[in-house]
Every structure is written in C-alpha cells, then in structure tokens.
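Participant: Structure incoming, see below.
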Amino acid sequence: MSSHHSIDKKGRLVSNYQMPVIHHEHMKHETVIVPNDGQTSFGSYFTITFRDHAVILKNMQLQFNVSAITGITSAPTNYPNFNPAYFFYTRIELLLGTVVIDTIYNNQQFLMNQLFKTDEQRALANYACGNYSTSAVASRGTLASSTSNYFVDLFTLFDQNDIPLLFNHTEVQLRVYTDYVVNFAQQSTGTGTPVATLNYCNLLAKVIRLKGDVPHKLIAQHQAKPHHYKFTDLRYQTNTIASGTTSTSILLSGFNAQIAVLFFTIRSAITGANAYEYQPISYFSILDSTSTNISGGQNVLSAYSLLVLDKAWTLSSYTTENSLGTTNNYANVYMYSFSNDLLDTIETGKNNGHFNFVGNEQLQINFSSATSSAYQLDIYALTHSVLKITGGSVSKMDE
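As numbered in our numbering, residues 14 to 412 make up the sequence shown, in order.
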C-alpha cells in the first residue's frame with residue numbers, strides 16, 4: 014500500500030491523496046472528437062482510442078452515424094424504427110492501456126441515464142439517442158427514415174474521479190461490441206428483414222488539458238509511488254425465470270465485494286421494445302449468507318420501491334412511468350441502496366456505506382401471479398473499487 018492510503022477504525026481503505034492545486038491558468042477546457050479505429054459495422058466490434066496525454070477525461074459520449082432502415086415493406090406509419098441507441102451495442106469494455114478496468118452494458122447504461130439524471134437532463138439525452146417513450150414512436154420513425162446521428166451518454170469512472178492520463182499505459186480505449194440490426198429495429202407489422210449501415214462512430218468528450226509544470230509534477234509523483242483512485246466497478250449477473258413461476262430465489266454468487274447499490278430488471282425478451290419494457294413484480298427482498306433480510310428487514314413492495322425508495326435514491330421520476338401513470342412506459346426498475354448517499358457515490362465513487370457481499374446472498378422475487386412465459390432477469394451491482402496507477406503500470410482492486 015502506498016503512503017497515499019491509510020486504514021480507518023473500521024478497517025477500510027482511505028485515500029489520503031489529493032491532486033495538486035491546479036490554477037485556472039494551468040487548465041484548458043476543450044471538447045474533443047475522436048474517430049473510431051478502422052471499420053465499423055453492426056454485429057461485430059470496433060475500437061476507439063483516446064491517445065492524448067496530460068489531460069483529465071470527462072463526459073464521454075458516443076455518436077453513431079447510421080443509415081436509414083431498409084428491407085421492410087408494408088410497415089405502418091412511424092415504422093420501422095430503432096430502439097434507443099444504447100441498444101446499438103451489447104457491451105463496451107473500457108481499457109487503460111491493455112487493462113480492462115470496467116465493462117458496461119446496454120441495459121445498465123440506459124438505466125443509469127434514466128435514474129441518475131434530472132428529468133430535464135434525461136429528456137434531452139433521450140431525444141438525442143431516440144426516445145424510449147411509448148408516445149415518442151414518431152420521432153424514432155423520423156430518425157430511422159434517413160441517415161441520422163444518435164448520441165449516447167456514458168456513465169464511466171472518468172466522471173467519478175479526476176484521473177490524469179499521463180503515460181502510454183494510460184491511453185484510453187473503448188471496445189464497442191455492436192448488436193445485430195434485427196435485434197434493435199422495430200418493424201411492427203412490416204414484412205422483411207431490417208437492414209442498416211453503421212457508417213462511423215465518434216467518441217465525444219470533454220477534457221481538462223493540464224498546462225505549465227503540472228503534468229511534470231504529476232508524472233514525477235506517479236513514478237515515485239502508486240496513486241489510487243476510487244470508483245464504482247460494475248458487477249453483472251443474468252438468470253432465466255421459468256414460465257409459471259410465482260416466486261424465485263437467485264444466488265448472487267458473483268457479487269462478492271463491497272456493494273453500494275443493487276438494481277434489477279425483468280424482461281420478456283431483449284429485442285425490440287422488450288429490451289427496455291420491464292415486467293412488474295409483487296415484492297422482493299435481499300438475504301445475506303445467513304438468510305437474514307438485509308433490505309430493510311422486510312419484503313420491499315413494488316409500489317414502495319418504485320414510488321418511494323427510487324425517488325429517494327435517484328434524480329428522476331422515471332420509475333413512476335409504469336402502470337400507475339396515464340402512459341405505461343414499463344419503467345419497473347427495482348433498486349436497493351446500501352450507500353447512505355447514493356447520489357454522491359454515483360457522482361464521485363466515494364464509499365458512503367456499503368454491504369459486504371460474500372457470494373452467498375440471495376435475491377428473492379415474488380410475482381402477483383404466475384409468469385406467463387420465460388423471463389430474463391438482469392442484476393447489476395456497483396461495487397467499491399480502486400484504480401492503481403504507477404509510472405509503469407495500471408491495475409484494479411477491490412477497496
């Protein structure tokens with residue numbers, strides 16, 4: 014452990030490192046556009062490499078330039094159209110040098126943008142990528158009728174921490190794994206197979222460009238001793254819920270870490286509108302390794318989760334857009350926070366409280382009636398992690 018860390022009374026890793034004071038004359042704020050490497054296509058993967066040094070990277074966004082949908086006939090008005098552009102990809106790996114420091118997923122990023130932006134912010138973001146709302150089919154149809162740009166905001170560790178990119182081994186690369194068009198195109202009653210071309214994909218980002226002697230001081234510090242940066246690493250688990258199920262218990266075997274928040278969705282399919290239309294439940298609970306309830310000591314009712322808890326833990330009214338509203342947007346997203354200040358944790362990566370999962374915990378889910386078909390359960394957890402950077406290497410570890 015470097016001298017930049019100590020252990021508090023509860024045995025937790027505490028960062029003592031602070032960035033040097035950087036005066037305004039030593040900073041330059043810019044917006045940069047980074048093109049993709051090589052060719053892009055759907056149903057494959059491509060990379061985008063950010064090679065600038067002496068900068069701090071913020072607010073990453075992808076710009077997909079996509080042709081009109083062809084191959085469909087006899088489609089009704091506003092069809093065919095695309096799902097929101099989060100579903101153009103299946104996952105994105107974030108690398109520093111050759112090290113994968115986090116993997117993010119389409120459904121998870123869609124939810125992060127719905128939950129942790131204000132309603133005004135997410136309204137703008139949603140129309141930039143193709144609005145999910147059942148009342149916005151016309152706008153998605155217009156976008157898909159000609160070559161259009163789709164802008165996708167990304168929640169990443171670079172927004173939680175000021176990580177200086179100083180060395181070749183801190184070059185940032187995104188590996189974007191795209192889905193097949195047939196999976197994210199909606200054609201309603203149209204016939205045929207949808208076809209579209211991904212012309213290119215740019216990375217748009219804001220950077221703080223370090224000037225003067227600041228980069229040299231930071232390089233010397235990192236070469237002298239390791240520096241550590243806190244962030245929330247994503248853990249992901251998916252399960253199948255069989256048709257005819259009224260209750261189920263899922264072993265959270267992959268979540269052995271300090272969990273700040275856990276959230277989950279249930280979908281009848283992951284294609285078309287089903288990709289972001291989530292099924293309701295009756296209630297859920299989370300049990301620890303001794304089968305003791307750790308989600309408030311009681312079952313969490315669906316309405317309580319969607320209308321009360323989610324309101325306390327998020328910035329938006331997204332989870333009220335379910336069957337209780339005038340328009341059902343199927344926004345049944347269930348969450349439980351172990352952080353005392355989840356919004357601060359999401360913004361900064363700070364450990365404001367957690368539950369230490371050991372891999373034997375269970376998520377119990379009950380439905381109001383037996384499921385009519387097989388469902389996919391997707392569970393996401395944000396865990397407290399630390400990025401370690403030295404003058405010659407990058408590594409990731411649990412906090």
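For glycine and all other residues, C-beta sits at the position ideal for the given N, C-alpha and C.
Decide if the region 77 to 90 is in contact with the region 246 to 258; the criterion is three or more beta carbon pairs, one per stretch, under 8 Å apart.
Facilitator: They do not touch, by the three-pair rule.
Participant: Less than 7 Å between C-beta atoms, sequence neighbours within five positions excluded: which residues of the same chain meet that for residue 387?
Facilitator: Taken in chain order, the residues that qualify are 253, 254, 255, 256.
Participant: Nearest CA to the CA of residue 295: which residue from 304, 82, 285, 380?
Facilitator: Taking only the C-alpha atoms, the option nearest residue 295 is 380.
Participant: Would you grab the beta carbon distance between residue 395 and residue 273 for me? Rounded to a whole angstrom, and I think it's under 8 Å.
Facilitator: About 5 Å separates the two Cβ atoms, so the contact holds.
Participant: Less than 8 Å between the C-beta atoms of residue 245 and residue 173, yes or no?
Facilitator: Taking 8 Å as the Cβ cut-off, residue 245 and residue 173 qualify as a contacting pair.
Participant: Can you list, in chain order, the residues of its chain whose CB lies under 7 Å from that of residue 130, leaving out five sequence neighbours each side?
Facilitator: If we look at residue 130 and ignore the five residues flanking it on each side, its Cβ neighbours are 138, 328, 329.
Participant: Helix, strand or coil for residue 192? Go by DSSP, reduced to three states.
Facilitator: Here residue 192 sits in coil by DSSP.
Participant: Cα separation between residue 65 and residue 185?
Facilitator: Straight-line Cα distance between these residues: approximately 9 Å.
Participant: On the three-state DSSP scale, how would you describe residue 168?
Facilitator: Residue state, collapsed to three classes: coil.
Participant: Contact between the region 57 to 71 and the region 216 to 223 is defined here as three or more beta-carbon pairs at a separation below 8 Å; is this criterion met?
Facilitator: Result yes; three or more Cβ-Cβ pairs closer than 8 Å.
Participant: Pick from 376, 289, 54, 236: whose alpha carbon is nearest that of residue 300?
Facilitator: Among 376, 289, 54, 236, the Cα nearest to that of residue 300 belongs to 376.
Participant: Residues in its own chain within less than 6 Å of residue 308 by CB, not counting five upstream and five downstream?
Facilitator: Excluding sequence neighbours, residue 308 sits near 298, 299, 349.
Participant: Pairing CB atoms from the region 164 to 173 with CB atoms from the region 69 to 82, are three or more of them under 8 Å?
Facilitator: A contact exists between the region 164 to 173 and the region 69 to 82.
Participant: Which of the three DSSP states, helix, strand or coil, is assigned to residue 43?
Facilitator: DSSP places residue 43 in strand when its eight states are reduced to three.
Participant: Taking contact to mean at least 3 C-beta pairs separated by less than 8 Å, is the region 229 to 238 in contact with the region 92 to 109?
Facilitator: With a cut-off of 8 Å, the region 92 to 109 and the region 229 to 238 do not count as touching, because too few Cβ pairs lie within range.
Participant: Put residue 133 into one of helix, strand or coil per three-state DSSP.
Facilitator: Reduced to three states, the DSSP call for residue 133 is helix.
Participant: Are three or more beta carbon pairs between the region 149 to 156 and the region 182 to 198 nearer than 8 Å?
Facilitator: They do not touch, by the three-pair rule.
Participant: Going straight from the alpha carbon of residue 164 to that of residue 314, what length do you get?
Facilitator: About 35 Å.
Participant: Would you mind sorting residue 411 into buried or exposed? The rule is 16 or more other CB atoms within 10 Å of its CB.
Facilitator: Label assigned to residue 411: exposed.
Participant: Reducing DSSP to helix, strand and coil, say where residue 371 ends up.
Facilitator: Residue state, collapsed to three classes: coil.
Participant: Of the choices 367, 208, 221, 398, whose alpha-carbon is the least far from that of residue 56?
Facilitator: Minimum Cα distance to residue 56 is reached at 208.
Participant: Return helix, strand or coil for residue 360, following the three-state DSSP convention.
Facilitator: Residue state, collapsed to three classes: helix.
Participant: Who are the Cβ neighbours of residue 145 in its own chain at under 6 Å, not counting the five residues just before and after it?
Facilitator: The residues are 97, 289.
Participant: Pick out whichever of 310, 233, 280, 100 has its Cα sitting closest to the Cα of residue 189.
Facilitator: Looking at the Cα atoms, 100 is the closest of the given residues.
Participant: Quick one: what does DSSP say residue 408 is sitting in, helix, strand or coil?
Facilitator: Residue 408: strand per DSSP, three-state reduction.
Participant: Mind checking which residues open and close the beta strand (DSSP E) that includes residue 395?
Facilitator: Residues 388 to 402.
Participant: Per DSSP, which one or two residues make a beta bridge with residue 231?
Facilitator: Beta-bridge pairing links residue 231 to no other residue.
Participant: Excluding the 5 residues preceding and the 5 following residue 392 in the sequence, name in chain order all residues of the same chain whose CB lies nearer than 6 Å to its CB.
Facilitator: These residues qualify, in order along the chain: 250, 277.
Participant: What residue from 369, 306, 334 has the CA that sits closest to residue 316's CA?
Facilitator: Checking every option, the nearest Cα to that of residue 316 belongs to 334.
Participant: What's the gap between the Cα of residue 127 and the Cα of residue 326?
Facilitator: Spanning the two alpha carbons is a distance of roughly 12 Å.
Participant: Using the three-state DSSP reduction, which class does residue 320 fall into: helix, strand or coil?
Facilitator: Residue 320: helix per DSSP, three-state reduction.
Participant: In this structure, what does DSSP give as the bridge partners for residue 243?
Facilitator: DSSP output for residue 243 lists 399 as bridge partner(s).
Participant: Measure how close the beta-carbons of residue 162 and residue 52 come, nearest whole angstrom, since I'm counting them as under 8 Å.
Facilitator: With 8 Å as the limit, residue 162 and residue 52 do not qualify as a contact, their Cβ atoms being about 18 Å apart.
Participant: Is it right to say residue 243 is buried, meaning 16 or more other beta carbons lie within 10 angstroms of its own, or is it exposed?
Facilitator: So residue 243 counts as buried.
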